[in-house]
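Residue numbering for the sequence shown follows the working numbering, starting at 3 and increasing by one per position.
Data first, discussion second: the structure below is written as structure tokens.
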Amino acid sequence: MTFLQCSWLFLMSFGLGWRSYQQCNGSMLCFAPDLVINEERMKLPYMSDQCEQMLKISNEFVQLQVSHDEYLCMKVLLLLSTGGSQPSRII
Numbered sequence: 003m004t005f006l007q008c009s010w011l012f013l014m015s016f017g018l019g020w021r022s023y024q025q026c027n028g029s030m031l032c033f034a035p036d037l038v039i040n041e042e043r044m045k046l047p048y049m050s051d052q053c054e055q056m057l058k059i060s061n062e063f064v065q066l067q068v069s070h071d072e073y074l075c076m077k078v079l080l081l082l083s084t085g086g087s088q089p090s091r092i093i
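Here it is as structure tokens:
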């Protein structure tokens, strides 16, 4: 179950970065078409640290000028790499 939760968390965060890059050029967080968080809302208490970290992903996409094909390849690599983060069981 933990593996699935981590995989989905990574994919959702990565997808948020991609949407923010595509729709707002990395300047705002685009959770959905009707839920865009601008800089003013990011400065609210308890949101600034999380939003800052999430914006780093989309800012990297902007800096690297990532294409959709490259994004899909990175998404596959992300999925494959989450399998190694399982703690080993000691018998």
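Glycine included, C-beta positions come from ideal geometry on N, C-alpha and C.
Computed from a predicted structure; not experimentally measured.
> Can you list, in chain order, the stretches of the alpha helix (DSSP H) that have 4 or more residues and sit fully within the stretch 40-66?
Replying inline: Listed in chain order, the complete alpha helix (DSSP H) runs (minimum 4 residues) inside the stretch 40-66 are 41-44, 50-66.
> Given residue 61, which residues of its chain have a CB within under 8 Å of its CB, disregarding the five upstream and five downstream residues?
Replying inline: As a working note, residue 61 is residue 59 in the sequence shown. Non-local C-beta neighbours of residue 61 in its own chain, meaning closer than 8 Å and more than five positions away in sequence, comprise 28, ordered along the chain.
> In this structure, what does DSSP give as the bridge partners for residue 78?
Replying inline: The count along the sequence shown starts at 1 and reaches residue 78 at position 76. Paired residues: none, contrary to the question.
> Rounded to a whole number of angstroms, what is the C-alpha to C-alpha distance between residue 54 and residue 38?
Replying inline: On the sequence shown, position 52 is the one that residue 54 refers to. On the sequence shown, position 36 is the one that residue 38 refers to. Taking the straight line from one Cα to the other gives about 14 Å.
>> Quick check on DSSP: helix, strand or coil for residue 90?
In response: Locating residue 90 in the sequence shown gives position 88, counting from the first residue. Note on residue 90: pLDDT 49, under 50, position unreliable in the model; the coordinate value appears next. Reduced to three states, the DSSP call for residue 90 is coil.
> Given a threshold of 16 other Cβ atoms within 10 Å of its Cβ, counted over all protein chains shown, does residue 22 qualify as buried or as exposed?
Replying inline: Along the sequence shown, one-based indexing puts residue 22 at 20. Buried, since its Cβ has 16 or more Cβ neighbours within 10 Å.
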